[in-house]
Structures are given as C-alpha cells and as structure tokens.
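Per our numbering: the sequence shown ends with 252, consecutive numbering throughout.
One structure is given below, encoded as structure tokens.
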Amino acid sequence: WDVNAAGAVTLDSSGSTIDIGTDAVAQAINVGTGAAARTITVGNGTGATSVVVNVGTGALDIGANDFARTTRIATGAAAQAVTVGSTNTTSALTLQTGSGALTQTAGGAWDVNAAGAVTVDSSGSTIGIGTDANAFGINVGTGAAARPIVIGNSTGTTSVNINAGTGNINIGNSAVDRNCTFGNGAARQTTIVGSSFGASGTTIDAGTDGCVIANSAAARTILIGTGAAVQTITLGSTNTTSSLTLQSGS
Numbered sequence: 003w004d005v006n007a008a009g010a011v012t013l014d015s016s017g018s019t020i021d022i023g024t025d026a027v028a029q030a031i032n033v034g035t036g037a038a039a040r041t042i043t044v045g046n047g048t049g050a051t052s053v054v055v056n057v058g059t060g061a062l063d064i065g066a067n068d069f070a071r072t073t074r075i076a077t078g079a080a081a082q083a084v085t086v087g088s089t090n091t092t093s094a095l096t097l098q099t100g101s102g103a104l105t106q107t108a109g110g111a112w113d114v115n116a117a118g119a120v121t122v123d124s125s126g127s128t129i130g131i132g133t134d135a136n137a138f139g140i141n142v143g144t145g146a147a148a149r150p151i152v153i154g155n156s157t158g159t160t161s162v163n164i165n166a167g168t169g170n171i172n173i174g175n176s177a178v179d180r181n182c183t184f185g186n187g188a189a190r191q192t193t194i195v196g197s198s199f200g201a202s203g204t205t206i207d208a209g210t211d212g213c214v215i216a217n218s219a220a221a222r223t224i225l226i227g228t229g230a231a232v233q234t235i236t237l238g239s240t241n242t243t244s245s246l247t248l249q250s251g252s
C-alpha cells in the first residue's frame with residue numbers, strides 16, 4: 003500500500019487514537035528514512051503532551067550513524083528535570099567523548115553519590131579541583147564519619163605542596179584528642195619546621211604531657227641556636243619551683 007502526494011499528507015482522528023503498526027507483526031516501521039534533508043517532528047509542546055519511546059531487549063539508538071552532528075536533550079529555555087540512566091540492579095551509564103571536551107555545568111549544586119568507589123583520573127594532563135578564581139571553600143572528607151584520608155603517594159619523586167595566602171595553615175587544630183606525626187616513616191628524612199625569613203617565628207608548645215625533643219635511642223647531634231648571628235638563648239624558667247637539668251655521658 004503506497005501513498006504518494008505532491009502536497010501534504012495528513013492522518014487525523016477527532017474521536018480516538020491513531021495507531022500505526024499495532025498488530026503483533028515482526029516487521030520494521032520506517033518514518034522519514036528517505037535520503038532527503040527533512041525535519042522530522044514527533045510530539046508537541048501543548049499542555050501535558052508527552053512522548054514515550056519504548057524498546058524490548060534491543061537497543062535504543064539516537065544519532066548512532068557515522069555523521070557529524072549536534073545532539074541536544076532538554077535544552078529548551080524552561081525549568082526541566084532530566085533523568086538519564088537507571089539505578090536498577092546492574093544498570094550502567096557511560097558518558098564519553100573523543101578528543102573534544104566533556105563539560106558539565108550546573109547553575110546550582112552538583113552532587114555525586116555512589117555506593118561504590120568514585121574515581122577521577124587523567125592519563126594525559128593534570129586534575130584540577132577548585133582552579134577557578136572563586137572565593138568559596140573546598141571540603142575533602144568533612145563528613146562526620148571515621149575514615150582515612152590519604153593525599154599523595156611515595157612513588158619516585160612524587161611531592162605534596164600545601165600553600166596558603168595570608169590565612170593560616172592549620173593541622174590538627176580542632177578540639178579532639180589525637181597524635182600528629184610528621185616525617186616519622188622508617189627512612190632517612192629531613193624535616194624542616196619554620197622559616198628564617200624576616201620576622202618569622204616558630205613556637206613548639208605542649209600541655210602537661212611534656213615537650214620531648216630527640217628522645218629515641220639514636221646517636222645524633224642536636225643543635226640549638228648555632229647559626230652565625232647574634233642570638234639570645236634561654237633555657238628553663240624562673241617560675242616558683244622550676245628546675246633545669248643539663249647532663250652528658252662520658
């Protein structure tokens with residue numbers, strides 16, 4: 003059955019549905035497959051109009067042939083909720099690009115929640131987090147749960163830099179009992195605390211548990227105030243029953 007017209011072809015019903023291919027017959031249905039540039043429109047934007055596209059165990063392909071094109075989903079100038087993918091059992095979702103960029107832009111919050119691991123990797127360049135010049139906090143591992151937070155690795159010349167502007171760098175600054183360990187790995191390490199620049203100062207303090215320096219059973223040299231400059235060195239306190247002990251071996 004073939005219909006050819008030089009003008010428009012219209013199929014309407016004012017009293018019921020319009021059905022095409024509703025019999026249980028395993029034959030293809032083609033719409034707009036002729037080799038001509040044409041606009042194919044399905045559905046309209048009136049009221050509660052909806053469009054439902056379903057498939058069985060076969061694939062649902064959009065823009066799957068080898069033509070360069072732009073594919074847009076829900077880009078209209080209105081508030082739209084877009085859901086892609088399913089959380090059912092082993093459902094999977096893959097977003098991919100070629101050598102072009104994959105850009106995600108959110109006017110509000112952008113939230114990633116997973117029951118398994120979340121991994122961000124790059125095999126060709128740096129990974130940047132918070133690299134735009136915006137004055138907002140960056141939080142890592144701040145949720146109220148006991149978890150190990152690891153930054154960096156010990157492979158080769160790997161380095162970790164922590165910088166700040168005129169604000170502070172605070173480590174272990176909350177009111178929680180803990181141990182803070184620096185440079186304590188079983189390898190030769192040089193640990194530098196403080197700066198000799200200008201009016202820089204370094205304060206090492208402790209509560210009633212004491213302040214211990216070089217207390218392990220290792221042979222070493224301990225230097226205090228040996229720099230080639232005029233220095234005032236004070237050891238001990240004159241407060242009430244304070245005492246000072248200086249000792250040596252043989």
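In this text, a Cβ means the ideal position worked out from N, Cα and C, and glycines have one as well.
From a predicted model like this one, the values you see are computed outputs, not experimental measurements.
Give every residue of the same chain whose Cβ lies closer than 8 Å to the Cβ of residue i, excluding the five residues on either side of it in the sequence, and list them in chain order.
i, result
"Ile64", "Thr73"
"Leu62", "Val55"
"Thr51", "Gly45"
"Arg71", "Gly65"
"Val120", "Val114"
"Ala216", "Arg222 and Ile224"
"Gln233", "Gly227"
"Gln98", "Leu104"
"Ala76", "Gln82 and Val84"
"Cys213", "Ile206 and Asp207"
"Ala26", "none"
"Ile22", "Ile31"
Tell me which same chain residues have a C-beta within less than 7 Å of the C-beta of residue i, skipping the five on either side of it?
i, result
"Val122", "Ile129"
"Val11", "Val5"
"Gln191", "Gly185"
"Thr193", "Phe184 and Gly185"
"Thr133", "none"
"Ile171", "Ile164"
"Val195", "Thr204"
"Gly174", "Arg180 and Cys182"
What residues in its chain sit with their C-beta under 6 Å from that of residue i, if we drop five residues either side in the sequence?
i, result
"Asn163", "none"
Taking only heavy atoms of the ligand ADP into account, decide whether any of them is closer than 7 Å to the Cβ of residue i.
i, result
"Thr228", "Ligands are entirely absent from the displayed structure, and the ligand ADP is therefore not among its contents."
List in chain order: all unbroken alpha helix (DSSP H) runs of 4+ residues lying wholly within the region 63 to 146. none
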